[in-house]
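Below is one structure, written out as structure tokens; comments come after it.
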Amino acid sequence: MKSSNKTIDNRLLAKVSSMYYEQDFNQQEIANRLHLSRPKVSRLLKKAREEGVVQISVVKPDGNFLTLEQSIEKRFGLTEVVVVENESHVSSELTKQQIGVAAAQYLHRTIANGDTIGVTWGTTLQAMVDAMTPKAIEDSHVVQALGGVGPPEAKAHATDISRRLSQLLHSQLTLLPAPGIVGSKEAKKVLLADRQVKGALDMFSAIDILCVGLGALKTNPVLDRNSQELPPHLYEEMINSNAVGDIALRFFDIHGEEINSSLKDLIIGISIEELKSIENVVGIAGGGQKVDVIKGALNGNLIDVLITDSQVAQTLIEG
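Numbered as in our numbering, the sequence shown ends at 321 without a single skipped number.
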């Protein structure tokens, strides 16, 4: 008798599974046809998976790095990792564009009504904004989280990135009307007393999503000898420090610890402490020269989401 019941049970499991997975009946339709309750159908489908009557597998398309993404998420405790393909013969500019597209898609997917989005500066964030498609987000707000760095007319300038993103999202906009690096502590004190500057800085605590580039020490334009951003003594101090790179000009070492330099007191923009208090910090960077700064950001728990390329991702797992 037990054997007969088992046969009937298996037949029912197979029938319900076939109707659901192969014939596209929903659970209520199956319940109606077989005179079962909907909870009973749900239990039968669960049992079918547990006993191997139904075996589900995810087919990963070419160029999909799901396993690699999940490994990095688990290793570094990240909310999400997005990896784009990067082959050795591909130029750094194309890789940057591909990462920008992935970042735009991530932001487009995750941003919600009422969100406040902070952005910093850099060519990878520029690539993200270039790839964004318009999406009206109700009650949203874009905040410039770092003062201006480089030529104001440059597309990678924080002001331009902030303004363009706010237009794409049909959001409110708060700009930070100050240079990212000032010449002295006295100059910084004067600027911080300005009503508009103070208003922008006060918005940092309202940021829900902060999109940041990760700047490698060797490729940061601020640390170019020909740059007018830093006086020579600060250039030498940073080059000779333990810094591997920066987020919003906040330089840190391979462990994610902020470098206590003279430059730190001359920055007008979001601090490491403020960054750590934000719920979702999205780090967007790729290319072999960015490996150490990405490692530092991960080791210091400075970001929650990483969008990068496959070669960097593989190095993070192997290193």
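C-beta atoms are modelled at their ideal positions from N, C-alpha and C, and glycine is treated no differently.
Query                                                                                                         : Result
First and last residue of the uninterrupted beta strand (DSSP E) at Thr118                                    : 118-121
In chain order, each beta strand (DSSP E) run of at least 3 residues that lies wholly inside the segment 6-30 : none
8 Å Cβ shell around His110 - same chain, five flanking residues per side excluded                             : Met134, Thr135, Lys137
Phe254 versus Arg227, Asp226, Val295, residue with shortest Cα-Cα distance                                    : Val295
Distance CB(Val284)-CB(Leu212) smaller than 8 Å                                                               : yes
Rounded distance between the beta-carbons of Ile261 and Asn242, thought under 8 Å                             : That pair is no contact at about 11 Å.
Cβ-Cβ distance between Val161 and Gln146 below 8 Å                                                            : First, the amino acid is wrong: residue 161 is Thr here, not Val. The answer is yes: Cβ separation under 8 Å.
Coarse secondary structure for Ala129, derived from DSSP in three states                                      : helix
Nearest residue (CA-CA) to Ile249, options Asn303, Glu188, Asp204                                             : Asn303
Nearest-angstrom beta carbon gap, Lys190 and Ile274 [assumed within contact, 8 Å]                             : That belief does not hold up - the Cβ atoms of Ile274 and Lys190 are roughly 17 Å apart, past 8 Å.
Alpha helix (DSSP H) segment containing Phe78, residue limits                                                 : 68-78
Candidates Ala218, Asn222, Val192, of which the one nearest Ile256 by Cα                                      : Ala218
Residues near Leu1 by beta carbon distance below 8 Å, same chain, minus five either side                      : The question about residue 1 has no answer, for the chain in this structure spans 3 to 321.
Nearest-angstrom beta carbon gap, Leu171 and Val144 [assumed within contact, 8 Å]                             : 7 Å
Per-residue DSSP class, three states only, for Pro2                                                           : The requested residue 2 is not part of the displayed model; the chain covers only 3 to 321.
Residue of Val121, Lys48, Tyr108 minimising C-alpha distance to Ile280                                        : Val121
Straight-line Cα distance separating Arg227 from Lys292                                                       : 20 Å
DSSP-derived helix/strand/coil call for Arg227                                                                : coil
Inter-residue Cα distance where the pair is Ala104 and Leu46                                                  : 39 Å
Leu251 in three-state terms, based on DSSP                                                                    : coil
Residue span of the alpha helix (DSSP H) that contains Thr317, given as start and end                         : 312-320
Proximity of Asn115 and Asp210 at Cβ, strictly below 8 Å                                                      : no
Buried or exposed by the 16-neighbour rule on C-beta atoms within 10 Å, applied to Asp117                     : buried
Length of the line joining the Cα atoms of Ser142 and Arg165                                                  : 13 Å
Pick from Glu239, Ala180, Glu259, Val85 that is closest to Ile309, judged by C-alpha positions                : Val85
Contact set for Val43: own chain, Cβ-Cβ below 7 Å, skip 5 residues either direction                           : Val18, Gln29, Ile32, Ala33
Bounding residues of the alpha helix (DSSP H) (the contiguous stretch that carries Glu276)                    : 274-278
Contact test: Ala50 Cβ vs the ligand COA heavy atom, cutoff 7 Å                                               : The model on display carries no ligand, and the ligand COA is accordingly not part of it.
Where Val56 falls: helix, strand or coil (DSSP)                                                               : coil
Integer Cβ distance of Ile163 from Val214, believed to fall under 8 Å                                         : That pair is no contact at about 11 Å.
Enclosing beta strand (DSSP E) for Gln174 [first to last residue]                                             : 174-176
Short CB-CB distance (under 8 Å) between Asn88 and chain D                                                    : The structure shown contains no chain D; it holds only a single protein chain.
Residues bridged to Val246 (per DSSP)                                                                         : Partner(s): none; Val246 has no beta bridge.
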